[in-house]
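Student: Read the sequence shown against UniProt numbering and you will find it ends at 120, with the numbers running on by one and no gaps. Where is the CB? At the ideal position from N, CA and C, for every residue including glycine.
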Amino acid sequence: MADDDSERLKSALWYAVGQIVDEECLRRNRNATPQFIGALTEMVWTQVENVAIDLESFANHAGRTNVTTEDVMLLARKNPDLQRIMGAFVDERKAVKEARSRPARPKPRIGAAGAGTNRR
Numbered sequence: 001m002a003d004d005d006s007e008r009l010k011s012a013l014w015y016a017v018g019q020i021v022d023e024e025c026l027r028r029n030r031n032a033t034p035q036f037i038g039a040l041t042e043m044v045w046t047q048v049e050n051v052a053i054d055l056e057s058f059a060n061h062a063g064r065t066n067v068t069t070e071d072v073m074l075l076a077r078k079n080p081d082l083q084r085i086m087g088a089f090v091d092e093r094k095a096v097k098e099a100r101s102r103p104a105r106p107k108p109r110i111g112a113a114g115a116g117t118n119r120r
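(1) For the ligand FAD, any of its heavy atoms closer than 8 angstroms to the Cβ of P34?
(2) Give me, in chain order, the residues of the same chain whose beta-carbon lies closer than 6 angstroms to that of F58; leave out the 5 immediate sequence neighbours on both sides.
(3) In chain order, what residues of the same chain have a beta carbon less than 6 angstroms from the beta carbon of V90, not counting five sequence neighbours either side?
(4) State the Cα-Cα distance for the pair R77 and I53, rounded to the nearest angstrom.
(5) Starting from the N-terminal side, write out each stretch of the alpha helix (DSSP H) that is 4 residues or longer and does not extend beyond the stretch 25-72.
(6) Which same chain residues end up closer than 6 angstroms to Q83 when comparing Cβ atoms and leaving out the 5 residues on each side of it in sequence?
(7) Which residue's Cα is closest to the Cα of F36: A95, V17, L26, V51?
(8) Less than 9 angstroms between the C-beta atoms of residue 127 and W45, yes or no?
(9) For I110, does the three-state DSSP call read helix, strand or coil?
(10) Rounded to the nearest angstrom, what separates T41 and M86 at their Cα positions?
(11) What first and last residue would you give for the alpha helix (DSSP H) that runs through K94?
(12) Answer yes or no: do E56 and V67 have a C-beta to C-beta separation smaller than 9 angstroms?
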């Protein structure tokens with residue numbers, strides 16, 4: 001990734017982390033220094049870089065050029081709670097996607113031919 005893109009992403013991350021910290025500070029009646037927000041941003045950035053490297057490695061090992069859901073689930077293998085939450089999310093998304101892809105069953109038409117079929 002180009003340095004310019006990297007810097008823009010890091011700036012966006014800094015902003016997002018700052019917003020989250022500000023919300024929590026207001027909620028808890030606490031203060032956070034800009035240095036704390038900067039250090040937290042650096043820590044998150046380092047984690048993101050490590051996750052990206054791991055995901056690329058998993059995909060490459062499987063002979064793929066794209067990262068898939070399976071790669072992400074493999075990354076979460078050492079955190080059972082995270083894996084459970086992510087698995088539930090993936091299952092939910094798959095169910096929604098399947099529901100959208102199924103053709104709708106035609107509704108029965110009620111017309112003159114079927115008007116008297118239920119009477120006794």
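Tutor: Working from what's here:
(1) Ligands are entirely absent from the displayed structure, and the ligand FAD is therefore not among its contents.
(2) D71, L74
(3) Cβ within range, chain order: T69.
(4) 16 angstroms
(5) If we require 4 residues or more, the alpha helix (DSSP H) runs fully inside the stretch 25-72 come out as 34-61.
(6) Contacts found: A76.
(7) V17
(8) Residue 127 is absent from the model: the chain starts at 1 and stops at 120.
(9) In this structure, I110 counts as coil in the three-state DSSP scheme.
(10) 24 angstroms
(11) K94 -> alpha helix (DSSP H) spans 80-101.
(12) yes
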